[in-house]
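Number of protein chains: 2
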Amino acid sequence: MTNARRSGPDLTEAIMRTTLELGQELGYAKLSIEAIAARAGVGKHTIYRRWPSKGALLLDSLLSLSESALDHPDTGDLLVDLRTQIYEAVDLLAGAPFSPLFKALVGEAQHDPGVAAALNERFIAPQADKTVARLKAARDQDQLSPDFDLDVAMAILSGPLYFRLLITQEPLTHEYVDRILDALFTGMGPRP
Amino acid sequence: MTNARRSGPDLTEAIMRTTLELGQELGYAKLSIEAIAARAGVGKHTIYRRWPSKGALLLDSLLSLSESALDHPDTGDLLVDLRTQIYEAVDLLAGAPFSPLFKALVGEAQHDPGVAAALNERFIAPQADKTVARLKAARDQDQLSPDFDLDVAMAILSGPLYFRLLITQEPLTHEYVDRILDALFTGMGPRP
Chain A
1 MTNARRSGPD LTEAIMRTTL ELGQELGYAK LSIEAIAARA GVGKHTIYRR
51 WPSKGALLLD SLLSLSESAL DHPDTGDLLV DLRTQIYEAV DLLAGAPFSP
101 LFKALVGEAQ HDPGVAAALN ERFIAPQADK TVARLKAARD QDQLSPDFDL
151 DVAMAILSGP LYFRLLITQE PLTHEYVDRI LDALFTGMGP RP
Chain B
193 MTNARRSGPD LTEAIMRTTL ELGQELGYAK LSIEAIAARA GVGKHTIYRR
243 WPSKGALLLD SLLSLSESAL DHPDTGDLLV DLRTQIYEAV DLLAGAPFSP
293 LFKALVGEAQ HDPGVAAALN ERFIAPQADK TVARLKAARD QDQLSPDFDL
343 DVAMAILSGP LYFRLLITQE PLTHEYVDRI LDALFTGMGP RP
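So the protein lines, in turn, are chains A and B.
Number 61 in my numbering belongs to position 61 of the first sequence; there are no gaps in the numbering.
Add 192 to the 1-based position in the second sequence for my numbering, that's all there is to it.
Below, the structure written as structure tokens:
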């Protein structure tokens, strides 16, 4: 029993690391709790005690990669800070092992309401809160249009990224981020 | 043989109608070419001659519902016309039978490059062309910011809709469309 001495947090981390490794090797469809348990050297029930499903385990494993990438810096310049944060976010979204596994998870969320809810509560909502907090600070410093609707900020900033990741599947580059930010800051409306 | 007399276009239409009916009854995962063939009263090979896969057949069936909803009116007022067109698009995207089957197809596109390519070539690209054409006409009439980047117009206008449809899964309402359009026309940038 190579894992007999591992304690709770270590074991949790080892299982999540194994999930990402095996997910990358096998792809989401072929990934199974059995295979993860075997590779991690634990029993299936050890996994099921912590996670109700493959989707929930994968979501936690992906979140463990994403923690620092989703913080918003505040240097006092909104556009610079948004650019920095969104570059990090797209590097995460578009890179291995995150990208194919995250896309598979979003696919799963289309027919599994539990996965959809977890994705929103644990991944999207915390990001939206951070984004809105940063935008509010910028508004107080006259760096944001006073009429801009903060309730749709996350949809407007993230929507074009997910559109490219999930729909057109073109590369999520920094240049694309620049063009999106330029277009959003310019706005579509004619000059007064 | 109830279908012995059906000609090509009639048969194609009957198979697509059956695909949508059965898709609504069974859901995408349980939908099969066998079941569609049996319900439509044709042989499997009749279907496979026209469509290489369940995804391709479903895409065509969905496209048959979407043709008119995706045209852009031109009354001379860009904001009014975008609102009209996007209302129609979200009514289609959010309504039955389109919504659950389209979401399943996008899920399929996350691991099937053929479905992803067909979705883009047949559904997204034609819409993008129509959107850009309408925006160019508006720019010539000073109804659009002259600096707005038309290459990202489709991502910016559609991204927030797909974000809500696929990620947050909140209702795609006309009120949401209004808020998105207001935010995009206002722009995020501070007042000069």
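C-beta atoms are modelled at their ideal positions from N, C-alpha and C, and glycine is treated no differently.
- Put simply, the CB of residue 379 (chain B) is near chain A, with a gap under 8 Å to one of its CB atoms.
- By the neighbour-count criterion, in which a residue is buried when 16 or more other Cβ atoms sit within 10 angstroms of its Cβ, residue 351 (chain B) is buried.
- Taking the Cα positions, residue 307 (chain B) is about 42 Å away from residue 146 (chain A).
- Under the DSSP assignment, residue 356 (chain B) falls outside any alpha helix (DSSP H); it carries neither an H nor an E label.
- Among the CB atoms of chain A, one or more fall inside 8 Å of the CB of residue 359 (chain B).
- Unbroken alpha helix (DSSP H) runs of no fewer than 4 residues, entirely contained in the stretch 282 to 364 of chain B, are found at 290 to 301, 305 to 311, 317 to 332, 345 to 354, following chain order.
- When only Cα atoms are considered, residue 189 (chain A) and residue 376 (chain B) end up about 8 Å apart.
- With respect to residue 207 (chain B), residue 232 (chain B) sits close: the two C-beta atoms are nearer than 8 Å.
- Under the DSSP assignment, residue 9 (chain A) falls in the alpha helix (DSSP H) whose first and last residues are 8 to 26.
- Taking a C-beta distance under 8 Å as the contact criterion, residue 340 (chain B) and residue 186 (chain A) qualify as a contact pair.
- Within chain B, the C-beta atoms nearer than 9 Å to that of residue 29 (chain A) come from 303, in chain order.
- Between residue 284 (chain B) and residue 311 (chain B) the beta-carbon gap is near 15 Å, outside 8 Å, which marks them as no contact.
- Among the residues facing chain B, residue 162 (chain A) is included, as its CB has a counterpart in that chain under 8 Å away.
- B:249 is the residue among B:371, B:324, B:249 whose C-alpha sits nearest the C-alpha of residue 205 (chain B).
- Secondary structure of residue 264 (chain B) (DSSP, three-state): coil.
- In the structure shown, residue 259 (chain B) adopts coil according to DSSP, grouped into three states.
- Using a C-beta cut-off of 8 Å, the stretch 273 to 293 of chain B makes no contact with the stretch 87 to 104 of chain A, since fewer than three inter-stretch Cβ pairs fall below that distance.
- Across the set A:191, A:167, A:178, the C-alpha of A:178 shows the shortest separation from the C-alpha of residue 85 (chain A).
- In the DSSP annotation of this structure, the continuous segment of the alpha helix (DSSP H) that includes residue 236 (chain B) starts and ends at 236 to 242.
- Nearest neighbour of residue 357 (chain B) by Cα position, chosen from B:336, B:299, B:235, turns out to be B:299.
- The closest CA to that of residue 75 (chain A), considering only A:137, A:30, A:168, is found on A:137.
- The beta-carbon separation of residue 153 (chain A) and residue 135 (chain A), rounded to 6 Å, stays under the 8 Å limit for a contact.
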